[in-house]
Amino acid sequence: MSPPNRHAKPRSRRASVSPLEAATTVVRTLQDAGHTALFAGGCVRDMLRGAEPEDYDVATSAPPPAVQKLFPRSEQVGAKFGVIIVHVGGRPIEVATFRRDLDYADGRRPVAVEFTDAREDAIRRDFTVNGMFFDPIRSEVVDYVGGQTDLRAGIIRAIGDPERRFSEDHLRLLRGVRLAAKLDFTIEPVTWAAMKEHAPEIARISPERIREELDRMLSHSGRARAFGELRESGLLGYLWPTAKEILASADRSHAMLEALPANARFEAALAAILHGTHRAYVEEACDSLRCSNDTKRDVAWLVAHECDLDDPARVRLADLKLLMANAAFPDLLALFGAKLRALGYPPTAFEEVSRRAEAVLPQDVAPPPLVTGNDLAAMGVGQGPIYKKILDRVYYAQLNGDIADAPAALQMARRLADELGQQA
Ligand code: ATP
Ligand code: MG
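Numbering (this note's numbering), first residue to last: 4 to 427.
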């Protein structure tokens, strides 16, 4: 038999086993070779509360070279931190050697780690509910940190001395908020006091990491809860350099987040938080958080058009179509509904706009214009700002159903060219 090919392409192949089966195989293989091996962290928490884990992480006493030897098809991702990704049945499973973190130099990552045992690996983790292990072969929970008690009681508690844990790694501040919101758990008072105390230090975390955490906590039905905790802990004012400016309108943001549909996008939630600010401010906030250009564009558009649907009677068909032509229109509609609810208004206006939008056929949202610049040139209209004025007004009339065909559109263009030409 030929040795397994390390360079085989597993990713294009369909996974043949479930993530749970793959992770169990990894544990069994390691245990059979004489090592301790356990499921660790988030997956144990999720299994114990009856939720489907997103992924299964394995922690082991086997040092990285031993892991690699047992799983020839593996990748080193954080060799320094003892993390190897192994592939079983087409599934990638993260295998980390039990470790103890040595000094934290930058408020985020330890400068080095030392390989140790399960207990020490548990106590370097962030929160008790995240600090448990599970042995899938013996079907046994291994809990050195009181995670089961806190999980049952619905409590988020830092492992060890909260003050120290948050000053070592400031990202834990946001992880705590996200976890509490996701699980709908209460943050234990001493942990909470330390979070408030260390809140300003979040500014020292990289914007990418802050954005990533925000994205995760706001793309979730617990988003209002998370926002409330960001605010009460004091974290909110430090998430980007000018974040303090939004504190004054945080009541309204909170109410809107509460009223957004459960599946609302991050962009809609961020727009709810930035509502009422200027475009330049929105763009600067998005840039500071290193949001993608798409996200920045959508959030800026949503904030700029936040009030456009407020009075449906004044929204003409063309106005509606111009809004609908933007891919973020569903988010705008969701924000509108949320705003009405936040302000205690009945949903009548939201229902009316939704009904009208649904009645617009897809091909009628942004039809090709009946009149183009070429037509204007052929008419002898001189190039200049007048071009755009004429084209915009004719297109608006077209969208609004005021003109039905090309001859009518050309006639309107001619009339406008005369009028505007005279004004100029
Ligand atoms: P999620 O469901 O959001 O993925 P998770 O708990 O699996 O939650 P991960 O970021 O995947 O979160 O981390 C896996 C585990 O690693 C955590 O459960 C926790 O035990 C530990 N961990 C992660 N980040 C930190 C941190 N900053 N400090 C200490 N321990 C951490
Ligand atoms: Mg995880």
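Just so it is clear, CB atoms sit at the ideal spot from N, CA and C, and this is done for glycine as well.
- With fewer than 16 other Cβ atoms inside 10 Å of its own Cβ, H281 counts as exposed.
- Counting other Cβ atoms within 10 Å of its Cβ, E97 reaches 16 or more and is therefore classed as buried.
- Secondary structure at H201: helix, using DSSP grouped into helix, strand and coil.
- Restricting attention to A412, R122, M50 and A258, the CA atom closest to the CA of Y147 is found in R122.
- A residue is called buried when at least 16 other Cβ atoms come within 10 angstroms of its Cβ; E309 meets this threshold and is buried.
- Boundaries of the beta strand (DSSP E) harbouring I87: V86 to V91, taken from the DSSP string.
- Contact annotation: A337 and L263 have beta-carbon atoms nearer than 8 Å.
- Annotation for P67: the continuous alpha helix (DSSP H) segment containing it runs P67 to L73.
- With a cutoff of 8 Å on beta-carbon distance, G110 and R207 are scored as near each other.
- The DSSP-derived three-state label of F339 is helix.
- With respect to P75, T100 sits apart: the two C-beta atoms are not nearer than 8 Å.
- Residue pairing of D104 in beta bridges, as defined by DSSP: V116.
- Take the alpha-carbon of E248 and the one of D378: they are about 49 Å apart.
- In the three-state reduction of the DSSP assignment, E191 falls in the coil class, being assigned neither a helical nor a strand state.
- Closer than 7 Å to some heavy atom of the ligand MG: that does not describe the Cβ of D124.
- Of the residues M50, A328, D297 and H223, the one whose Cα lies closest to the Cα of P22 is M50.
- Per the C-alpha coordinates, the member of A341, P388, T32 and L105 positioned closest to Q71 is T32.
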